[in-house]
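Numbering (the working numbering) for the sequence shown: 13 to 340. No residue lacks a Cβ here, since even glycine has one placed at the ideal position from N, Cα and C.
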Amino acid sequence: MTRQPRAFRLDAPDVQSGAVVVTEEPFDAIEAADGTVVPMGGRRRAPWVGILLSALSGLLMLGLGLAVENLIVELYAIAPWLGWVALALSVLALVAFLAIIGREVSGILREQKIEKLREAAVDALAVKDHKAAKSIVSDLLGLYNARASAVKGSARLMASMDEIIDADDRLAIAERELLAPLDAQAKRAIAAAAKQVSLVTAVSPRAIVDVAFVIFAAVRLLRTLARIYGGRPGLFGFLRLAKAAFNHLAVTGGMAVGDSLMQQVLGLGLAARVSAKLGEGVLNGLMTARFGLAALSVCRPLPFIREETPKIGDVAGELVSRAEAAAV
Numbered sequence: 013m014t015r016q017p018r019a020f021r022l023d024a025p026d027v028q029s030g031a032v033v034v035t036e037e038p039f040d041a042i043e044a045a046d047g048t049v050v051p052m053g054g055r056r057r058a059p060w061v062g063i064l065l066s067a068l069s070g071l072l073m074l075g076l077g078l079a080v081e082n083l084i085v086e087l088y089a090i091a092p093w094l095g096w097v098a099l100a101l102s103v104l105a106l107v108a109f110l111a112i113i114g115r116e117v118s119g120i121l122r123e124q125k126i127e128k129l130r131e132a133a134v135d136a137l138a139v140k141d142h143k144a145a146k147s148i149v150s151d152l153l154g155l156y157n158a159r160a161s162a163v164k165g166s167a168r169l170m171a172s173m174d175e176i177i178d179a180d181d182r183l184a185i186a187e188r189e190l191l192a193p194l195d196a197q198a199k200r201a202i203a204a205a206a207k208q209v210s211l212v213t214a215v216s217p218r219a220i221v222d223v224a225f226v227i228f229a230a231v232r233l234l235r236t237l238a239r240i241y242g243g244r245p246g247l248f249g250f251l252r253l254a255k256a257a258f259n260h261l262a263v264t265g266g267m268a269v270g271d272s273l274m275q276q277v278l279g280l281g282l283a284a285r286v287s288a289k290l291g292e293g294v295l296n297g298l299m300t301a302r303f304g305l306a307a308l309s310v311c312r313p314l315p316f317i318r319e320e321t322p323k324i325g326d327v328a329g330e331l332v333s334r335a336e337a338a339a340v
């Protein structure tokens with residue numbers, strides 16, 4: 013037999029003392045929150061720089077189009093066949109320009125897709141979202157469906173798509189099956205670039221040659237890593253990736269410059285015993301390796317879940333061993 017709800021008065025004689033405990037409501041927290049200043053977003057200003065660049069670009073395109081039109085008309089007045097040749101060349105140039113624009117847009121959209129996959133994976137891991145993890149794996153399979161090295165991994169992932177798996181386990185399986193081989197390729201590319209930079213800067217006679225080759229190697233390494241993980245950056249896409257890589261490098265500690273990085277990696281006193289040119293080569297190689305690791309983190313479509321995050325020793329251990337052997 014269930015008991016019906018009843019009301020009691022606290023001062024009633026039949027209410028036992030101590031049976032009812034009355035606590036005060038936490039009004040102190042509410043009053044403290046009332047005095048809190050709510051931060052307001054700053055007022056957005058008009059993007060005058062962007063407007064200026066857009067207007068100048070429009071004027072330049074109009075002037076160029078008018079100049080081409082006048083050239084075609086003048087050539088047609090001189091000889092009709094010259095006008096037709098100029099018109100055909102103009103159409104060919106327009107088609108090539110549209111193809112370049114399309115490639116740039118496609119590369120940027122592909123990079124944005126990889127970035128969104130990585131951000132979505134981070135969010136799914138944070139809240140253990142099974143549905144989001146399944147969608148991320150499907151997008152990864154679509155991204156790498158043309159890779160011959162991912163055929164076996166894709167088949168195993170497709171076989172497990174309907175199984176009930178935790179979000180982190182599902183993403184870890186995708187990481188192992190699809191990204192682990194790509195991580196190995198990326199680490200080999202970083203190690204090769206670091207060794208090449210170290211060798212060239214150790215034997216080059218001029219500092220300007222060192223700087224030029226380091227920049228060239230960094231550009232080539234970033235493009236290589238982007239292609240390994242499925243990106244196809246054009247000019248603007250590459251600049252966007254480079255900015256993201258340098259931002260990541262700054263957040264994770266920045267590029268160590270000078271002898272401090274060598275002292276940190278090679279050990280105290282060792283950098284003083286190697287020759288100056290060899291030490292400079294090792295330092296440039298280690299800086300290239302650090303930039304490569306930052307670029308790897310930016311280009312990878314998933315964060316490191318179960319796979320070990322690569323470190324400098326994994327991609328530049330040979331440089332350290334070489335410097336240690338030279339110092340003995």
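Please classify I113: is it buried, with 16 or more other beta-carbons within 10 angstroms of its beta-carbon, or exposed?
-> If you number the sequence shown from 1, residue 113 lands on position 101. So I113 ends up on the exposed side.
Taking Cβ to Cβ, would you say F248 is nearer than 9 angstroms to G62?
-> Translated into positions along the sequence shown, residue 248 becomes position 236. Translated into positions along the sequence shown, residue 62 becomes position 50. No; because the gap between Cβ atoms is not below 9 angstroms, this pair is not in contact.
Taking the alpha-carbon positions, what's the A138 to D151 distance?
-> Here residue 138 refers to the residue found at position 126 of the sequence shown. Here residue 151 refers to the residue found at position 139 of the sequence shown. Going from the Cα of A138 to the Cα of D151 covers about 19 angstroms.
What three-state label does DSSP hand Y88 in the structure shown?
-> As a working mapping, residue 88 is identified with position 76 in the sequence shown. Collapsing the DSSP output to three states places Y88 in a helix.
Counting pairs of beta carbons, one from the stretch 216-231 and one from the stretch 100-114, are three or more of them closer than 8 angstroms?
-> no
Examine the Cβ distances between the stretch 142-150 and the stretch 317-329 and report whether three or more of them are shorter than 8 angstroms.
-> no
Span separating the alpha-carbon of A136 from that of D181 = Counting from one through the sequence shown, the residue named residue 136 turns up at place 124. Counting from one through the sequence shown, the residue named residue 181 turns up at place 169. Those two C-alpha atoms are separated by around 11 angstroms.
Compare the beta carbon distance of A341 and G70 with 9 angstroms and say whether it is the shorter of the two.
-> In this structure the chain extends from 13 to 340, so residue 341 is not present and cannot be described.
When DSSP labels each residue in this structure, what does P322 get in the three-state scheme?
-> By 1-based counting over the sequence shown, the position of residue 322 is 310. P322 falls in the coil class under three-state DSSP.
Hey, how far is the Cα of R122 from the Cα of T300?
-> The residue labelled residue 122 in the question sits at position 110 within the sequence shown. The residue labelled residue 300 in the question sits at position 288 within the sequence shown. Spanning the two alpha carbons is a distance of roughly 25 angstroms.
Pick out whichever of L314, A214 and L68 has its Cα sitting closest to the Cα of I185.
-> Here the question's residue 185 lines up with position 173 in the sequence shown. Here the closest residue by C-alpha is L314.
Using three-state DSSP, classify F109 as helix, strand or coil.
-> Position 97 of the sequence shown, counted from the first residue, corresponds to residue 109. F109 carries a helical assignment under DSSP once its states are collapsed to helix, strand and coil.
Could you give the DSSP three-state label for L247: helix, strand or coil?
-> By one-based count along the sequence shown, residue 247 stands at place 235. In the structure shown, L247 sits in a helix (DSSP, three-state: H, G or I).
Can you tell me where the alpha helix (DSSP H) with D141 in it begins and where it stops?
-> Your numbering for residue 141 matches position 129 in the sequence shown. First-last for D141: undefined, no H or E at that position.
Use the C-beta contact count for R302: other C-beta atoms within 10 angstroms, 16 or more gives buried, fewer gives exposed.
-> In the sequence shown, the residue the question calls residue 302 occupies position 290. Classification of R302: buried, given that the 10 Å Cβ count is 16 or more.
Other residues of its chain near G95: CB distance less than 7 angstroms, five sequence neighbours each side excluded = Translated into positions along the sequence shown, residue 95 becomes position 83. The beta carbon of G95 sits closer than 7 angstroms to those of I84, L87 and Y88, all from its chain and outside the five residues before and after it, given in chain order.
Who are the near neighbours of E320 in its chain, counting only those whose CB is closer than 8 angstroms to its CB and skipping five residues on each side?
-> Taking the sequence shown and counting its residues from 1, the one referred to as residue 320 is at position 308. Taken in chain order, the list of residues that qualify is empty.
In chain order, what residues of the same chain have a beta carbon less than 7 angstroms from the beta carbon of V209, not counting five sequence neighbours either side?
-> To locate residue 209, count along the sequence shown from 1; it is residue 197. The residues are F225, V226, A229, N296, G297 and T300.
Burial state of G154, where buried means 16 or more other Cβ atoms lie within 10 Å | Here the question's residue 154 lines up with position 142 in the sequence shown. Under this definition G154 is an exposed residue.
If you draw a straight line from the alpha carbon of L234 to that of V134, how long is it in whole angstroms?
-> The count along the sequence shown starts at 1 and reaches residue 234 at position 222. The count along the sequence shown starts at 1 and reaches residue 134 at position 122. Answer to the nearest angstrom: the Cα atoms are 23 angstroms apart.
Please report the Cβ distance between R115 and G246, rounded to the nearest whole angstrom; I am assuming they are in contact, meaning their Cβ atoms lie under 8 angstroms.
-> The sequence position of residue 115 within the sequence shown is 103, counting from 1. The sequence position of residue 246 within the sequence shown is 234, counting from 1. Contact flag correct, Cβ pair sits at about 5 angstroms.
Assuming L308 and L253 form a contact by the criterion Cβ under 8 angstroms, report the distance between their Cβ atoms to the nearest whole angstrom.
-> The residue labelled residue 308 in the question sits at position 296 within the sequence shown. The residue labelled residue 253 in the question sits at position 241 within the sequence shown. Going by Cβ atoms, the distance from L308 to L253 rounds to 11 angstroms, so no, they are not a contact pair.
Return the CA-CA distance between A205 and L211, expressed in angstroms with no decimal places.
-> On the sequence shown, position 193 is the one that residue 205 refers to. On the sequence shown, position 199 is the one that residue 211 refers to. Their backbone Cα atoms lie some 10 angstroms apart in a straight line.
Please report how far the alpha carbon of A67 lies from the alpha carbon of M73, in whole angstroms.
-> Numbered from 1 along the sequence shown, position 55 holds the residue referred to as residue 67. Numbered from 1 along the sequence shown, position 61 holds the residue referred to as residue 73. M73 has its alpha-carbon roughly 10 angstroms from the corresponding atom of A67.
Check the C-beta distance from A257 over to V223 and give it rounded, since I have them as a contact under 8 angstroms.
-> Residue mapping note: residue 257 aligns to position 245 of the sequence shown, counting from 1. Residue mapping note: residue 223 aligns to position 211 of the sequence shown, counting from 1. Contact flag wrong, Cβ pair sits at about 18 angstroms.
For L64, the three-state DSSP class (helix, strand or coil) = As a first step, residue 64 must be located in the sequence shown, where it is residue number 52. Helix, per DSSP.
Start-to-end residues for the alpha helix (DSSP H) that takes in L190 | Here residue 190 refers to the residue found at position 178 of the sequence shown. Taken as a continuous stretch (DSSP letters only), L190 belongs to no alpha helix (DSSP H), as it is neither H nor E.
Would you mind reading off the limits of the alpha helix (DSSP H) that contains D222?
-> Locating residue 222 in the sequence shown gives position 210, where the first residue counts as 1. Looking at the DSSP string, the run of the alpha helix (DSSP H) that includes D222 is A219 to I240.
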